[in-house]
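Novice:
In the numbering used here, the protein residues as written are 11 to 129.
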């Protein structure tokens, strides 16, 4: 049986320095692997405006962490995020399957272009 896939999205405070952002990303990646999970992808989405104020912050640094495992890695990961003062919001969602491969941009390949009809 394959292990379930998880997507964890967390938001860091906007006022922390870049080096600290990288250390948080590394810390949470290591926490997943130490708990028996495998990190599939980690994307820093950058600083974005929040839909509503969270702890008096109007912006946040979004990070997406995709991982798989038997589910034992989710509780320690969320506990570490809950105790961190730099994480203002987090959410882990169980996925049905692996992440799909990114699609090619429309019109980027010449093979996909329709051929003109000959009369």
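Beta carbons are placed, not taken as given, at the ideal position from N, Cα and C, and that holds for glycine.
Identify whether residue 63 lies in helix, strand or coil by the three-state DSSP scheme.
Specialist: It is a strand residue.
Novice: What does a CB cutoff of less than 8 Å around residue 64 pick up in its chain, not counting 5 residues either side in sequence?
Specialist: The residues are 21, 70, 98, 99.
Novice: Can you tell me the Cα-Cα spacing of residue 61 and residue 68, whole angstroms?
Specialist: Taking the straight line from one Cα to the other gives about 8 Å.
Novice: Mind checking whether residue 36 and residue 87 have CB atoms under 8 Å apart?
Specialist: No. Outside cutoff.
Novice: If you run the structure through DSSP and keep just helix, strand and coil, what is residue 17?
Specialist: Correct three-state label for residue 17: strand.
Novice: Do residue 38 and residue 103 come within 8 Å of each other at the CB atom, strictly closer than that value?
Specialist: Taking 8 Å as the Cβ cut-off, residue 103 and residue 38 do not qualify as a contacting pair.
Novice: Count the other CB atoms within 10 Å of the CB of residue 101; is the residue buried (16 or more) or exposed (fewer)?
Specialist: Flag for residue 101 reads exposed.
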